[in-house]
Amino acid sequence: MERWIQLLKQVIPSKQVLTDLSDRYSYSFDASFGEHLPEAVVQAKSNEEVMEVLKIANEYRIPVYPRGQGTCLSGGPLPVHGGMVLDMSQWPERIEMSPEDLTVTVSPSVLTGNINKEAEKHGLMYAPDPSSAHVATIGGNLAENSGGPRGLKYGVTKDHVIGLKVITPEGELIRTGGNTIKNVTGYDLTKLIVGSEGTLGVITEATLKLLPKPPAVQTLMVSFDEVRKAAEAISRTLTSGILPSKMEFMDQACIEAVENFQPAGLPVDAAAIVIIELDGHPETLKIERRLIEEIMENIGARETVVPETSEEAEKIWHARKQVSPAIAKIKPTKVSEDATVPRSKIPDLIDRLQVIKEKYDVEVVVFGHAGDGNLHPNILCDKRDQEEMKRAELAVEELFEAAIELGGTLSGEHGIGTMKAPFMEMEVGEIGIDMMKRMKDAWDPNGIMNPGKIFAEKGQKLVLRNE
Amino acid sequence: MSSDLQTLSRKLNYDKTFDCVQCGYCLPACPTYETMERETHSPRGRINLVKMVAEGKASVEDLQEPIEKCLGCMACTTVCPTNVQYGEILEGAMGVIDEYEAKSTSQRVTEDFLYDSFFPSSKWMNTLGHATWLYQKSGLQKVAQTFQLTKIAPLHLDQFEKVLPDLPSPKRRKEQRAKRYIRKRPATAKVAFFPGCIMDSVFYESNQKTIELLLRSGAEVVLPEAQTCCGALHAHSGKIDTSIELAKQNIEAFEEETFDFIVNNAGGCGARLIEYHHLFEKGTRWHERALEFVAKVKDISEVLTGLDELVFNQPVNRTITYQPSCHMTNVQGVTEAPLQLIRSIPGIELKELERPNFCCGSAGIYNIVNYEDSMDILDVKMKDVCGVDPDGIVTSNPGCLLQMKLGVEREGKSDQIESIHLVDLLMEADPEPAWE
Numbered sequence: 335m336e337r338w339i340q341l342l343k344q345v346i347p348s349k350q351v352l353t354d355l356s357d358r359y360s361y362s363f364d365a366s367f368g369e370h371l372p373e374a375v376v377q378a379k380s381n382e383e384v385m386e387v388l389k390i391a392n393e394y395r396i397p398v399y400p401r402g403q404g405t406c407l408s409g410g411p412l413p414v415h416g417g418m419v420l421d422m423s424q425w426p427e428r429i430e431m432s433p434e435d436l437t438v439t440v441s442p443s444v445l446t447g448n449i450n451k452e453a454e455k456h457g458l459m460y461a462p463d464p465s466s467a468h469v470a471t472i473g474g475n476l477a478e479n480s481g482g483p484r485g486l487k488y489g490v491t492k493d494h495v496i497g498l499k500v501i502t503p504e505g506e507l508i509r510t511g512g513n514t515i516k517n518v519t520g521y522d523l524t525k526l527i528v529g530s531e532g533t534l535g536v537i538t539e540a541t542l543k544l545l546p547k548p549p550a551v552q553t554l555m556v557s558f559d560e561v562r563k564a565a566e567a568i569s570r571t572l573t574s575g576i577l578p579s580k581m582e583f584m585d586q587a588c589i590e591a592v593e594n595f596q597p598a599g600l601p602v603d604a605a606a607i608v609i610i611e612l613d614g615h616p617e618t619l620k621i622e623r624r625l626i627e628e629i630m631e632n633i634g635a636r637e638t639v640v641p642e643t644s645e646e647a648e649k650i651w652h653a654r655k656q657v658s659p660a661i662a663k664i665k666p667t668k669v670s671e672d673a674t675v676p677r678s679k680i681p682d683l684i685d686r687l688q689v690i691k692e693k694y695d696v697e698v699v700v701f702g703h704a705g706d707g708n709l710h711p712n713i714l715c716d717k718r719d720q721e722e723m724k725r726a727e728l729a730v731e732e733l734f735e736a737a738i739e740l741g742g743t744l745s746g747e748h749g750i751g752t753m754k755a756p757f758m759e760m761e762v763g764e765i766g767i768d769m770m771k772r773m774k775d776a777w778d779p780n781g782i783m784n785p786g787k788i789f790a791e792k793g794q795k796l797v798l799r800n801e
Numbered sequence: 109m110s111s112d113l114q115t116l117s118r119k120l121n122y123d124k125t126f127d128c129v130q131c132g133y134c135l136p137a138c139p140t141y142e143t144m145e146r147e148t149h150s151p152r153g154r155i156n157l158v159k160m161v162a163e164g165k166a167s168v169e170d171l172q173e174p175i176e177k178c179l180g181c182m183a184c185t186t187v188c189p190t191n192v193q194y195g196e197i198l199e200g201a202m203g204v205i206d207e208y209e210a211k212s213t214s215q216r217v218t219e220d221f222l223y224d225s226f227f228p229s230s231k232w233m234n235t236l237g238h239a240t241w242l243y244q245k246s247g248l249q250k251v252a253q254t255f256q257l258t259k260i261a262p263l264h265l266d267q268f269e270k271v272l273p274d275l276p277s278p279k280r281r282k283e284q285r286a287k288r289y290i291r292k293r294p295a296t297a298k299v300a301f302f303p304g305c306i307m308d309s310v311f312y313e314s315n316q317k318t319i320e321l322l323l324r325s326g327a328e329v330v331l332p333e334a335q336t337c338c339g340a341l342h343a344h345s346g347k348i349d350t351s352i353e354l355a356k357q358n359i360e361a362f363e364e365e366t367f368d369f370i371v372n373n374a375g376g377c378g379a380r381l382i383e384y385h386h387l388f389e390k391g392t393r394w395h396e397r398a399l400e401f402v403a404k405v406k407d408i409s410e411v412l413t414g415l416d417e418l419v420f421n422q423p424v425n426r427t428i429t430y431q432p433s434c435h436m437t438n439v440q441g442v443t444e445a446p447l448q449l450i451r452s453i454p455g456i457e458l459k460e461l462e463r464p465n466f467c468c469g470s471a472g473i474y475n476i477v478n479y480e481d482s483m484d485i486l487d488v489k490m491k492d493v494c495g496v497d498p499d500g501i502v503t504s505n506p507g508c509l510l511q512m513k514l515g516v517e518r519e520g521k522s523d524q525i526e527s528i529h530l531v532d533l534l535m536e537a538d539p540e541p542a543w544e
């Protein structure tokens, strides 16, 4: 057995150091692409354990890949260069509410959805709502800077973090930020760490901002004959003085897929639908709902459905949730992207996707959080078909190019990981990358923290195939 | 891919593993992931390992422990967004492990003992009932000792023995049980009753009550003689050929007459019966016959709510909680009928568990073969039960019932909490036939 593994077993309980092949394979993947076998899996349960583990890793130059529940869509926790996966999901769960301060302090293993559940008991909410919130840990959400449908009104994870405990790559504990909403003391290390994808250290605690839970919500579902009209309706709504909490888009392929999978009464002949959720005081919602109905009528929407009961509204959101499983029936492998463009460019991005789809002969469906320009174009393919996967790779590449040409970004909410690393320079430029690398080197002089992520290696390309 | 590997990957249902997109939505639903604290013992982890073995990257031995430590509760299939056929992947893996003789000697001896002596192979269930009765009279642990089994495997049969109900003697069984019952003419429905081996051997009285409930509902009840074990336990242990033989025998047995329903009161058996068509290739005559059989399979609660002929008059002043059978919830999809029946009893207070769909850890013979792991899961369940503080736990499957009894015993609450089958509770409310 390797020396560093022996040493690990001396500093943390040996049952938390997994080296069986079956265990190592069980941490070789996430929800994205690629399979990489680590030499060990280490399950950390306290600050002291992480500190000891990182000191050993730093001394022996062993790569460390922090991992939550492995729901990542960009390859964040993949152990691409061997070494150890640091499983943070078994850390004892702790949610410490401070309702008077409108904050909550949590351990890294807490499931994001449970934070919101706890907050709701106090009439509060934790706004970020990634669709995997019932599975994913807050630690993973912080590392990847996750978003969600409510991002339109409330932003992504980084907009809700006021303080962190972080173990540095050299095994020291630091605190960033604090417990106050306003805090302008020094560099904002909190925001640097959030979204750094585990490349700068290990997050072991977070203090999060909570908001008053809006007393009421109102759902509307609008269908359109043309995608352009849907996009116009979105900008018109957002410039009318109304800020919905969610504006979700589904193209015709998605509508058809859902209806084939689990009929929900969606209009299959519509070119697109937009599902809107307003939140706020019930009286305000009545006015806003009327205003939106007017906007939609003026713009020439086909139909606006306003559910009268929460059950009916629930049905509409259920149909939206069925998109992911429904499109998996078209082809089993989903390449789910989150390229984001300025909202006004949504129709252009959709036009470009049509071109890409025909050029590479791949199945592309589009849905997502249109209100903030964060669409989810999904390329549907079959992992077993190497030739098709090659075409999918080229299609994804061109999709990224399109998003950046339209003034957008590679990732709205999934992170860069391995999958988008080759395209980083395209977005931030050579000097931009260099500045980021200098920060990385200053924090992690031996380069042990999550190597192979964010920064591409020479000649690295997007690979969706398992060789 | 070499031809050996090709054969292996076919047996492992390699193609079906691609339906898993590794989203991880199954993780919070999996009891063993929670108690064993590693992805290796989660549905996503297991499916990935099956894939690794099929690709020749890991061996059948690497797969063995993760697969054998799976409860097979199927909670993952209910939450899976892409409808992965986990049951088929699991059974394929079990079959491969059994065939490749990766099992340890102690495990094999334990299983052989249980299958050959305790549970039936294809013998008629009465024989089994007699055997269990005999075991009870002489002591399970003693029998195991005579077989010198306890030396090889640390069986905890004495634990289970404590919670077994008193069994009627073979003589009494024979006197009590008829082949056909009818009380109302014309009958509201003609049902065939599937008593199940464990149910009939250990909870014989509950089966008698099931027949009584059906009769009070106005049904004609028939117990086809040629029926046998459903084969669930065999399939879960990789003995797939035996389980197919048992299925054929049952399909034939229930074709002798025309029935409206084939009724059972054991969630685990029902789940097996309702999936008989999966055992045969589409397009074959056996597949068609299986489909006809499957269409009639119902849990007792579904039949009773469907016939709607019972009026509960006798108040039952108890605070109870309901522990649903995983197989009834996740495979049969029966969730509302038992609750509806419980709520229709006057005087009863139903306090639902916080996590009713978390398995109790019984899982066929899991609690015997993997005693310690099963008790870890039972501890989680009992914490939930004690939080509700009921005076009764109602279940709908014999394995769960025994396990809950064991859980109560372990908590030292045998004098405070009674574990009973749903049909026992219903009979306590002395239902009257609406048609009388």
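Going down the list, the protein sequences come from chains A and B.
Residue numbers for the first sequence follow our numbering, so the first one is 335 and each next one is one higher.
Residue numbers for the second sequence follow our numbering, so the first one is 109 and each next one is one higher.
Ideal Cβ positions, reconstructed from N, Cα and C, are used throughout, including at glycine.
- When the beta-carbon positions are compared, Gly378 (chain B) and Asp407 (chain B) come within less than 7 angstroms of each other.
- Chain B has a Cβ within less than 7 angstroms of the Cβ of Thr405 (chain A).
- Within the model, the alpha-carbon separation for Gly702 (chain A) versus Val439 (chain B) is close to 32 angstroms.
- Proximity of chain A to Asn191 (chain B) at the Cβ level (cut-off 9 angstroms) is accounted for by Pro659, Ala662 and Lys663, in chain order.
- Taking 7 angstroms as the cut-off, the Cβ atoms of Thr643 (chain A) and Leu412 (chain A) do not count as close.
- Contact note: Leu116 (chain B) does not reach chain A at a C-beta cutoff of 9 angstroms; the least C-beta distance is about 17 angstroms.
- Among the residues of chain B, those whose CB is under 7 angstroms from the CB of His468 (chain A) are Pro136, following chain order.
- Straight-line measurement puts the Cα of Lys649 (chain A) at about 24 angstroms from the Cα of Gly132 (chain B).
- Restricted to the region 474-524 of chain B, the alpha helix (DSSP H) segments that are unbroken, complete and at least 4 residues in length are 474-477, 479-496 and 506-518, listed in chain order.
- Counting only the Cα atoms, Thr437 (chain B) lies some 15 angstroms from Leu530 (chain B).
- With a 10 Å radius around the Cβ and a threshold of 16 neighbouring Cβ atoms, Ala334 (chain B) comes out exposed.
- Cβ-Cβ separation between Ile496 (chain A) and Ile515 (chain A): approximately 7 angstroms, consistent with a contact (criterion under 8 angstroms).
- Put simply, the CB of Ala166 (chain B) is near chain A, with a gap under 7 angstroms to one of its CB atoms.
- Straight-line spacing of the CA atoms in Arg380 (chain B) and Glu373 (chain A) works out to 41 angstroms.
- At least one C-beta of chain B is nearer than 7 angstroms to the C-beta of Leu355 (chain A).
- Close partners of Phe363 (chain A) in chain B (Cβ separation under 7 angstroms): Gln130 and Asn156.
- Along the region 709-737 of chain A, the positions whose C-beta sits under 9 angstroms from a C-beta of chain B are Asp716, Lys717 and Arg718, read in chain order.
- When secondary structure is reduced to three states using DSSP, Arg718 (chain A) falls in the coil class, being assigned neither helix nor strand.
- Looking at the DSSP output, His529 (chain B) bridges to B:Thr503.
- The C-beta of Pro666 (chain A) comes closer than 7 angstroms to at least one C-beta of chain B.
- Of the candidates B:Glu480, B:Val411, B:Leu341 and B:Gly375, B:Leu341 places its Cα closest to the Cα of Met202 (chain B).
- Within chain A, the residues Val469 have their CB atoms less than 7 angstroms from the CB of Tyr133 (chain B), given in chain order.
- The residue among A:Glu617, A:Asn392, A:Glu646 and A:Ala605 with its C-alpha nearest the C-alpha of Arg636 (chain A) is A:Ala605.
- For Arg799 (chain A) and Ile352 (chain B), the gap between their C-alpha atoms comes out near 38 angstroms.
- Note on geometry: alpha-carbon atoms of Ile525 (chain B) and Ala295 (chain B) lie some 38 angstroms from one another.
- By the Cβ criterion, the region 140-147 of chain B is in contact with the region 350-367 of chain A, since at least three pairs of Cβ atoms, one from each stretch, lie closer than 8 angstroms.
- Residue A:Ile472 holds the alpha-carbon nearest to the alpha-carbon of Thr446 (chain A) among A:Glu566, A:Ile472 and A:Glu427.
- When Cβ-Cβ separations below 7 angstroms define contact, Phe126 (chain B) makes contact with chain A.
- Unbroken alpha helix (DSSP H) stretches of 4 residues or longer found wholly inside the region 363-431 of chain A: 381-394, given in chain order.
- In the structure shown, His149 (chain B) adopts helical secondary structure according to DSSP, grouped into three states.
- Rounded to the nearest whole angstrom, the C-alpha separation of Ile456 (chain B) and Asp492 (chain B) is 20 angstroms.
- Lys459 (chain B) is a Cβ neighbour of Val496 (chain B), given a cutoff of 7 angstroms.
- A Cβ-Cβ separation of about 6 angstroms places Glu427 (chain A) in contact with Ser441 (chain A) under the 8 angstroms criterion.
- Identification of chain A residues near Arg146 (chain B) by a Cβ-Cβ cut-off of 9 angstroms yields Leu352, Asp357, Ser360, Tyr361, Val375, Gln377, Asp421 and Gln424, ordered along the chain.
- Within a 10 Å sphere around the beta-carbon of Val310 (chain B) sit 16 or more other beta-carbons, which makes this residue buried.
- The criterion of a C-beta distance shorter than 7 angstroms is satisfied by Cys467 (chain B) and Leu179 (chain B).
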